[in-house]
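The block underneath contains the structure these notes are about, expressed in structure tokens.
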Amino acid sequence: MKTETVLFMETLYFSLNERKGIAAMDYLYHPYPSQRMTVFAKNGVVATSQPLAAQAGLDVLKKGGNAIDAAIAAAACLTVVEPTSNGIGGDAFALVWTDGKLYGLNASGYAPKSISIEALKELGYTEMPKYGFAPVTVPGAPAAWAALSKRFGRLPLVETLAPAIAYAENGYPVSPVLGKYWAAAFRTYKEALRGPEFAAWFATFAPGGRAPKIGEVWASPDHAATLRSIAETEAESFYRGELAEKIAAFSKQYGGFLAADDLAEYEPEWVEPISVSYRGYEVWEIPPNGQGLVALMALNIMNGFDVPSVPDVETHHRQIEAMKLAFADGKAYIADRRYMNCSPDELLSESFAAMRRAQIGAEALTPEPGTPPKGGTVYLAAADGEGNMVSFIQSNYMGFGSGLVVPGTGIALHNRGHNFAFDERHPNGWRQGKSRTIQSSPAF
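No gaps in the numbering here: position 44 of the sequence shown is 28 in our numbering, and each next residue is one more.
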């Protein structure tokens, strides 16, 4: 009997203890409402929220690319086929498994050098705004594509970005789910965006004064031209070329803080992933400023509890409380690593986990009040027949982001800076050249 390696992907959920190996898995067991069947394949798998993006990744694999090339293709494609959640002007994070080692890439940008809490107060702000130039930091997504391609890719960017360029140029029919969120975003932005600086957003994403309807074909030639420029220059045009000049000029025209030198000095950061052992699995995340540390802290807390093979009410209660405690600690401590008051190792220590675990009793802990932000993130995963795997996050933070589109480019600038604390004394307080806490983080 011939033995072959088979790739499989399934949803990772909290009860990792239920998965002890392929032989023990029940692939028809769905403990939660979201039911996604496990996918098996011999030569490659690409999973995304949009079939068109997944197909783009698979097409790249068929052309001889590896999992990294497939992930880049899918990520670029998602900026076109799911603009409601990410864009060229967003952030990205990746975990890459290749040659028996795991690599982390943090492509979140930092605050412009010209911004400060005082400058924002002079403009009348008393808290970080959601829209406009104030929450815009240096975008990292194009740099992530280029860095991944240069270090691990097999195909040039002109090939991996070709599917995204084609969809932007020729258009695609808007799916029901995408149309629903697009219409909701349009209603929000129509009420929230005031000023000439937002005109390009409406021209790009609401042509004719409305969101594209379900089934209508949406295209963006400007988006296609920008992706082509990024592909041909390996993202140099975005940070130190023609696109950078357009971004900086747009920002200057409307009193924004993002400048040409902020873009020119930007480089994504290769980082050492952090991990915890959880019931026979090693779970990896991107270190701070990414918030993957929260998931690891919660798992560390749960390590001290007995968890049945089929979770009961008490187990779910403990899971919820562990997440509440981990999020509270994340809010208090996670920031740009240069400004954190404690290290990830301290937050992942057994003693700290035991202390937090002891606070979980029979009653629910009182959560801090707050309003969860609207989603603006896409996730994708890719694997190939050689054993290479990628876990990838790309985000505008809130939906379409800041409401700003650089005229003539299709570049929607994210609003991740909204997550900064309006207090320089806070670990996550706004400061020039500083990266803000990121809620999104790929897991492995």
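For glycine and all other residues, C-beta sits at the position ideal for the given N, C-alpha and C.
With a CB to CB cut of under 6 Å and the five nearest residues on each side skipped, what residues in its chain are close to A396? As a working note, residue 396 is residue 412 in the sequence shown. Only G71, G73, F384, G385, V389 meet the Cβ criterion.
Would you mind giving the Cβ-Cβ distance between P252 and L79, rounded to the nearest angstrom? I have them listed as a contact below 8 Å. As a working mapping, residue 252 is identified with position 268 in the sequence shown. As a working mapping, residue 79 is identified with position 95 in the sequence shown. No, P252 and L79 are not in contact; Cβ-Cβ is about 14 Å, not under 8 Å.
Would you decide whether T355 is buried or exposed? Buried here means 16 or more other CB atoms lie within 10 Å of its CB. Within the sequence shown, residue 355 is the residue found at index 371, counting from 1. Bear in mind that the predicted position of T355 carries a pLDDT of just 34, short of 50, making it unreliable; the figure below should be weighed with that in mind. Burial is judged here by how many other beta carbons sit within 10 angstroms of a residue's own beta carbon; T355 has fewer than 16 and is exposed.
Which residues in the same chain have their Cβ closer than 6 Å to the Cβ of I285, if we skip the five residues on either side of it in sequence? Mapped onto the sequence shown, residue 285 falls at position 301. Closer than 6 Å at the Cβ level, and outside the excluded window around I285, lie A306, A337, R340, R341.
Thinking just about the alpha-carbon of each residue, which of N399, G394, F404 is nearest to the one in P205? By one-based count along the sequence shown, residue 205 stands at place 221. Minimum Cα-Cα distance from P205 among the listed residues N399, G394, F404 corresponds to G394.
Can you tell which of R263, A233, V267 has the C-alpha that lies nearest to the C-alpha of E181? The residue given as residue 181 occupies position 197 in the sequence shown. Selected option, being the one with the closest Cα: A233.
Round the Cβ separation of A365 and A31 to the nearest angstrom and send it over; I've been treating them as touching at under 8 Å. Counting from 1 along the sequence shown, the entry for residue 365 is found at position 381. Counting from 1 along the sequence shown, the entry for residue 31 is found at position 47. So it is a contact: roughly 5 Å between Cβ atoms.
Is DSSP giving Y381 helix, strand or coil here? Along the sequence shown, read from residue 1 onward, the residue named residue 381 stands at position 397. Shown here, Y381 sits in coil according to DSSP, grouped into three states, outside any helix or strand.
Same chain only: Cβ atoms within 7 Å of T(-13), ignoring 5 sequence neighbours per side: The residue you call residue -13 lines up with position 3 of the sequence shown. Low local confidence applies: a pLDDT of 43 at T(-13) is under 50, so the model's placement there is unreliable, with the coordinate-based value given in what follows. Excluding residues within five positions, none has a Cβ falling inside 7 Å.
A215: which of V294, E266, L141, Y317 sits nearest, CA to CA? By 1-based counting over the sequence shown, the position of residue 215 is 231. The candidate whose alpha carbon is nearest that of A215 is L141.
Status (buried if at least 16 other CB within 10 Å, exposed otherwise) for R171: As a first step, residue 171 is located in the sequence shown; it is residue number 187 there, counting from the start. With fewer than 16 other beta carbons inside 10 angstroms of its own, R171 counts as exposed.
Determine the direct distance from the alpha carbon of S335 to that of L162, and round the result to whole angstroms. What you label residue 162 is simply residue 178 of the sequence shown in a count that begins at 1. What you label residue 335 is simply residue 351 of the sequence shown in a count that begins at 1. Roughly 45 Å between the two C-alpha positions.
To the nearest angstrom, how far is the alpha carbon of D487 from that of L62? Outside the shown range of the chain (-15 to 428) lies residue 487, about which nothing can therefore be said.
Just checking my contact of Y173 with V65 at CB under 8 Å: how many whole Å lie between their CB atoms? Position 189 of the sequence shown, counted from the start, is the residue given in the question as residue 173. Position 81 of the sequence shown, counted from the start, is the residue given in the question as residue 65. Contact between Y173 and V65 is ruled out by a C-beta separation of about 19 Å, above the 8 Å threshold.
G369 beta carbon less than 8 Å from that of G41: As a first step, residue 41 must be located in the sequence shown, where it is residue number 57. As a first step, residue 369 must be located in the sequence shown, where it is residue number 385. In this structure, G41 lies away from G369, with their beta-carbon atoms at least 8 Å apart.
According to DSSP, V29 sits in a beta bridge with which residue or residues? The residue you call residue 29 lines up with position 45 of the sequence shown. Bridge partners of V29: A367.
DSSP three-state call for E253: helix, strand or coil? For the purposes of this step, residue 253 is identified with residue 269 of the sequence shown, where counting begins at 1. Strand at E253.
Compute the Euclidean distance between the alpha carbons of L36 and A148, then round it to the nearest angstrom. Here the question's residue 36 lines up with position 52 in the sequence shown. Here the question's residue 148 lines up with position 164 in the sequence shown. When rounded, the distance between both Cα atoms is 9 Å.
How many whole angstroms separate the CB atoms of L277 and I318, which I take to be in contact at a CB cut-off of 8 Å? For this step, residue 277 is matched to residue 293 along the sequence shown. For this step, residue 318 is matched to residue 334 along the sequence shown. That belief holds up - the Cβ atoms of L277 and I318 are roughly 6 Å apart, short of 8 Å.
For N273, the nearest candidate out of F117, K97, L227, A76 (CA to CA): By one-based count along the sequence shown, residue 273 stands at place 289. Considering only F117, K97, L227, A76, the residue with the shortest C-alpha distance to N273 is A76.
Three-state secondary structure (DSSP) of V389: Along the sequence shown, one-based indexing puts residue 389 at 405. The answer is strand: DSSP assigns V389 an E or B state.
Reference G137; option with closest CA among T361, G345, D53, F241: Counting from 1 along the sequence shown, the entry for residue 137 is found at position 153. Comparing Cα positions, the closest option is D53.
Taking the continuous beta strand (DSSP E) assigned at S259, which residues delimit it? Position 275 of the sequence shown, counted from the start, is the residue given in the question as residue 259. Membership of S259 in the beta strand (DSSP E) is indicated by the continuous run 258 to 262.
Where DSSP assigns a beta bridge to M373, which residues make up the other side? As a working mapping, residue 373 is identified with position 389 in the sequence shown. Among the bridge pairs identified by DSSP, M373 is matched with W81, A367.
Where E220 sits in the DSSP three-state scheme: Locating residue 220 in the sequence shown gives position 236, counting from the first residue. When DSSP states are grouped into helix, strand and coil, E220 belongs to the helix group.
Where does D246 land, buried or exposed, given buried means 16+ other C-beta within 10 angstroms? Translated into the one-based positions of the sequence shown, residue 246 becomes position 262. The residue is buried, with at least 16 neighbouring Cβ atoms inside 10 Å.
Can you tell me where the alpha helix (DSSP H) holding L132 begins and where it ends? On the sequence shown, position 148 is the one that residue 132 refers to. It spans 125 to 136 - the alpha helix (DSSP H) in which L132 sits, taken as one unbroken run.
What does the alpha-carbon distance come out to for the pair V374 and V362? In the sequence shown, residue 374 corresponds to position 390, counting from 1. In the sequence shown, residue 362 corresponds to position 378, counting from 1. Roughly 14 Å separates the two Cα atoms.
Candidates W81, L86, G192, R135: closest to N372 by CA position: Translated into the one-based positions of the sequence shown, residue 372 becomes position 388. Out of W81, L86, G192, R135, W81 has the C-alpha closest to the C-alpha of N372.
At a threshold of 7 Å, does F404 count as lining the ligand MG (C-beta to nearest heavy atom)? With respect to the ligand MG, the structure offers nothing, as it holds no ligand at all.
Would you mind reading off the limits of the beta strand (DSSP E) that contains I395? Here the question's residue 395 lines up with position 411 in the sequence shown. Note, I395: beta strand (DSSP E), 395 to 397.
Where E143 falls, given that 16 or more other Cβ within 10 Å makes a residue buried: What you label residue 143 is simply residue 159 of the sequence shown in a count that begins at 1. Residue environment analysis places E143 among the buried positions, since at least 16 neighbouring C-beta atoms fall within 10 angstroms of its C-beta.
Residues that T361 bridges to, as DSSP identifies them: Locating residue 361 in the sequence shown gives position 377, where the first residue counts as 1. According to DSSP, T361 bridges with S379.
Cβ neighbours of E200 in the same chain (closer than 6 Å, five flanking residues each side left out): Taking the sequence shown and counting its residues from 1, one reaches residue 200 at position 216. The beta carbon of E200 sits closer than 6 Å to the beta carbons of V158 from its chain, once the five residues preceding and following it are set aside; these are given in chain order.
Measuring CA to CA, which of G225, A130, P67 is closest to A190? Residue numbering aside, residue 190 sits at position 206 when the sequence shown is read from its first letter. The residue from G225, A130, P67 with its alpha-carbon nearest to that of A190 is P67.
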